[in-house]
Amino acid sequence: MNSDLPETAEGCVVHAWYDGRRKLIQILGRLSDGRSFAVGLEPPAQAAGIDRAYEERFRELLAREAARSPGRKSGHVSDESIRLADRGFSLFDGRPCVSIETDDERGFERACALAKNNGIPVAGLSMKGAQAALVQLGIRYGLSVTGKCRTGRRVDAVFTDASIAPAHRSRAPLSVLSIDIETEEPSGKIRCVALAMRNPERKTLVFAGPDFTVPNAGTGETGENVEAGSASRDWIVVTPDERSLLLEVSRRIAYFDPDILTGWNVVDFDFLRLSAACARCGVPFDYGRSVEEGRYFPAEQSGGRMRSASVFLPGRQVLDGLRLVRTGWERYDSYSLESVAQKELGRGKTEAADGKNKLAELDRLYAEDPLSFCEYCMNDAVLVLDILDKKELIPHTIERAALTGAGLDKAWTSVASFERIYAEGLYARRIFPPEFEEGRKVSGAAGGTVLEPASGMFSNVAVFDFRSLYPSVMRTFNIDPHAYERALRLPRETGGSAESSAEHAADQTIAAPNGARFVRERGVLPELIDDWFGERIAAIERGDDGAAFVYKILMNSFYGVLGTPSCRYARTELAGAITSFGKMCLHFARDFFTERGYRVLYGDTDSVFVELERAGEAGGEASAETAGESAGEAPADTSVETAAQVRPHPAFEPERLERLADELNRELSVHIREKWNCESHIGIRFEKLYTRFFIPRLRSAEADGEDAGRGRAKGYAGMLAARDGAEAEVEIKGMEAARSDYVPLTRRFQRELLRRIFASDSTAEASAYIRSILEQLYGGELDGELVFKKRLARTPESYSANTPPHVRVAKALGWKNRRGTVEYLITLNGAEAAGRETAPIDYAW
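This is the structure:
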């Protein structure tokens, strides 16, 4: 539809980039009514900031430079091409500044280089191109666009003479296309490409093989045969050669018009091979929505860090299914498509072989049974869609992008997300972001505080948990990079007495236990977290679990970002301030429970484990041992108790424990108000009750001695109190049963052993279970559960100083320049590849 009348519509940004050929910021995406759209904007004036104290000196440098080269027509540095203006901006540390502005990109770069080369620091240079435009407009993901509308070549609506504005709550029905390719090895020649998508449901597979005929295959002449659900094989299009295949794939992607392209390891394998094939066959790498070709960027070392491979397809985004799954909370023994699909979907590939066996079988199918070969490829594409749907990873990615503005492709990168949203907050306050300082040392901070655990078996242990402790600490104490920088510039002395100086500093700043100070004026980060806390509660109330989940993990990532050297805002003091306040909160909770006669068995970062038994409760006089424990003495390692003793403690009334948490919160709020004059946003809650709870001994303290009662941190197990008639559940954290790097037998054995101990009134049943497992083990009945599966994070040849067993096995298998999961057993000859053992299994090991 073409119209001379302005149209206003809401939608979402799928991809924004600077088009150097047209000198426009191109924004492509999807409107809420389902149409794809494009809008081109004039790029904002280039701007950077310098300290106002350098203004006159910089003008002199500009004049001198212009005098040296008076005849330049373009890219010159002169008073005419550069504007120095006072726009009310300040530098990051609070100093007033003037803005360097120009519409000439080359002239701007020369002017900034002139300043830096003469010792004048320049701020804000990192905000360029599309990101700078979106930051200045306040647009993250949702937007409103107004302009004349016409039909485009590869989009439904092109807006001209357009203006755009933020519409943060705007969403659109993004479409996702899954790609899977099969290749001839080692040449890399493309044999077939499967394309599958939903909403609308479509699929096509393009097969290259002139000597093969697939029954009921499509012709590839029209787009009408791409609908799924037919009993025939009309979704298979046969082409005579690789070049024809590549052209047909490009045509089909344009016809499907997806917003997002995905697949399993699709960036490092599929698009790597497709881009190479396009170059080899002289075919454009043309999978985007623009006439501009796509580009493949291989992984590279940059600034001491490995930058992952990426794909640029104008107007679309490539989100690798494997990378998305790795971002989630779920952990897998193996991240192969087969392994993840079996766990999540209960089904997998049509051919489950791997390694050389898989390649040989696929070669056979390609030659002898092309229909099965095509179905294998299409099944892989569909599996990825099903996994992403079940884990809701695409909606979660969209929510993260909408919150931070980092873009769909960078939504899960913590540093990029933080820097993007923080820059927007700074710009709104008319502050130039600082430039990244190469070589700046940021050590992060020590991990969360751990209260020394007591080993033993306990009954009725309640867990109290601080909700989102670190984000709450940032809100409460105004922990913010800009607030910290401003505090550094405050005078340390006011000219009066030491007492008056201290009072003055306390009025102006908040001092963390680690010594870092923050001005009291609300910072960008605490203000942002304030908003997100409110949004998260609203999401929970409306039942939007996906949005609530994204808010939580995004806020929790900020602590790590502030201790990461790759973030321009990170400082050791910032991360240390957060953990030092966290330590204060954990110790306050410990003291609160101890003063009331309870015993804190363990605490870690944001949780305390409290034994509910105390003098005068549970229907009897406290024993001498119990009284001693209440006084803080180390307990003896208790034996298994009777079933009568395992009943839930009378104190386990959720309302009672919640009131106890409320009381703690009130006292903590008073403490924070009196000591720091801050309003507390920190809250603890009763989380769960273990009717039985076990902390193993510290390994070095197995023998009786001074540390015999000390427990192992980060590892415990318990029987959760059953509620609403549900069966009691054993929960294990940090022990062997919870770790994927142990063999299946270890995990099964420990979990079942603990279940029997927690549920029984004696150790007899557990002892019988141990004997039965040993008999089966030495009888060779459990060999299938003794296989280690460990992933090679690096290639085998990169290991030199230390060679773990799985690396030795990979080398023995002849792996070179290869990563993946190694399966092996421990035999009398040491670690050997599973299925290739030369010696009996070492059962004693």
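Quick note: to get this note's numbering, add 42 to the position in the sequence shown (first position is 1).
From the three backbone atoms N, C-alpha and C, an ideal C-beta is built for every residue, glycine too.
Since we're looking at a predicted model, the values are computed, not measured.
Can you tell which of L596, D375, I440 has its C-alpha closest to the C-alpha of C54?
Ranking L596, D375, I440 by Cα distance to C54 puts I440 first.
With a CB to CB cut of under 7 Å and the five nearest residues on each side skipped, what residues in its chain are close to T837?
Once the five neighbours on either side are set aside, the close Cβ partners of T837 are N859, R860, R861.
Report buried or exposed for A673, applying the criterion of at least 16 other Cβ atoms within 10 angstroms of its Cβ.
With a pLDDT of only 34 at A673, under 50, the local geometry of the prediction cannot be trusted, and the value read off the model is given with reservation. Exposed: under 16 other Cβ atoms inside 10 Å.
Answer yes if the segment 203-213 comes into contact with the segment 179-192, meaning at least three C-beta pairs across the two stretches below 8 Å, and no otherwise.
With a cut-off of 8 Å, the segment 203-213 and the segment 179-192 count as touching, because enough Cβ pairs lie within range.
In whole angstroms, what separates the C-alpha of E569 from that of I726?
Their backbone Cα atoms lie some 21 Å apart in a straight line.
Candidates D362, A318, E479: which alpha carbon is nearest T225's?
It is A318.
Mind checking who P696 pairs with in its DSSP beta bridge?
According to DSSP, P696 bridges with nothing at all.
State the DSSP-derived secondary structure class of R836, mapped to helix, strand or coil.
Correct three-state label for R836: coil.
Apart from the five residues on each side of it in sequence, which residues of its chain come closer than 8 Å, Cβ to Cβ, to L616?
Excluding residues within five positions, the ones whose Cβ falls inside 8 Å are I521, P523, Y526, A558, L604, G605.
Just to confirm my understanding: we take G753, look at its own chain, exclude 5 residues before and 5 after, and list those with CB closer than 6 Å. What are they?
Within the same chain, G753 has close Cβ partners P495, A496, S497, I737.
List the DSSP bridge partners of A207.
In DSSP, A207 forms a bridge with S186.
Helix, strand or coil for R471? Go by DSSP, reduced to three states.
Reduced to three states, the DSSP call for R471 is coil.
Counting only the same chain and skipping the five closest in sequence on each side, list residues whose C-beta sits under 7 Å from that of A581.
Result list for A581: A589, A590, Y593, in chain order.
Quick check: does the Cβ of G184 come within less than 7 Å of any heavy atom belonging to the ligand MN?
Looking at this structure, you won't find the ligand MN or any other ligand, since it has none at all.
With a 10 Å radius around its C-beta and 16 neighbouring C-beta atoms as the bar for buried, classify S681 as buried or exposed.
Note that S681 scores 38 on pLDDT, short of 50, meaning its location in the model is unreliable; the coordinates nonetheless yield the value given after this. Burial call: exposed.
Hey, V309 and V367: beta-carbon distance below 8 Å or not?
Contact flag unset, no.
Over what stretch of residues does the alpha helix (DSSP H) that includes M626 continue unbroken?
Run containing M626: 614-637, per the alpha helix (DSSP H) assignment.
Name the one or two DSSP bridge partners that I92 has.
BP columns for I92 point to V140.
Going by C-alpha to C-alpha distance, which of F298, G194, A214, I278 sits closest to R240?
When only C-alpha atoms are compared, the closest one is F298.
Mapping the DSSP letters down to three states, classify W371 as helix, strand or coil.
The answer is coil: DSSP assigns W371 none of H, G, I, E or B.
I'd like to check one pair, F354 with G370: are the Cβ atoms closer than 8 Å?
Not in contact: G370 and F354 (Cβ atoms no closer than 8 Å).
Just mark S510 as buried or exposed, buried being the case when its beta carbon has 16 or more other beta carbons within 10 Å.
Result: buried.
Do R610 and P437 count as a contact pair if the criterion is CB distance below 8 Å?
Not in contact: P437 and R610 (Cβ atoms no closer than 8 Å).
Is R315 helix, strand or coil by DSSP?
Note: R315 maps to helix in three-state DSSP.
Report the three-state DSSP secondary structure of T733 (helix, strand or coil).
If DSSP states are grouped into helix, strand and coil, T733 belongs with the strands.
Using 8 Å as the threshold, is the C-beta distance between S220 and V426 below it?
Taking 8 Å as the Cβ cut-off, S220 and V426 qualify as a contacting pair.
Taking a contact to mean a Cβ-Cβ separation below 8 Å, would you say K730 touches V505 in this structure?
For K730 and V505, yes; Cβs fall inside 8 Å.
If you run the structure through DSSP and keep just helix, strand and coil, what is I552?
Residue state, collapsed to three classes: strand.
Is DSSP giving A155 helix, strand or coil here?
A155 falls in the helix class under three-state DSSP.
What would DSSP say about V197, mapped onto helix, strand or coil?
Correct three-state label for V197: coil.
Taking 8 Å as the threshold, find out whether the segment 616-629 comes into contact with the segment 465-481 through three or more Cβ pairs.
At 8 Å Cβ cutoff, the stretches do not touch.
Determine the direct distance from the alpha carbon of K775 to that of M626, and round the result to whole angstroms.
Looking at the two C-alpha atoms, the distance is approximately 25 Å.
Do V177 and Y469 have their C-beta atoms within less than 8 Å of each other?
Yes, Cβ-Cβ distance for V177 and Y469 is below 8 Å.
With G490 as the anchor, note down where its alpha helix (DSSP H) starts and where it stops.
Where G490 is concerned, there is no enclosing alpha helix (DSSP H), given that its DSSP letter is neither H nor E.
Indicate whether L303 and V248 have their beta-carbon atoms separated by less than 8 Å.
No; because the gap between Cβ atoms is not below 8 Å, this pair is not in contact.
Rank N502, S141, A296, D222 by C-alpha distance to the C-alpha of G194 and give the top, closest one.
Of N502, S141, A296, D222, the residue nearest in Cα terms is A296.
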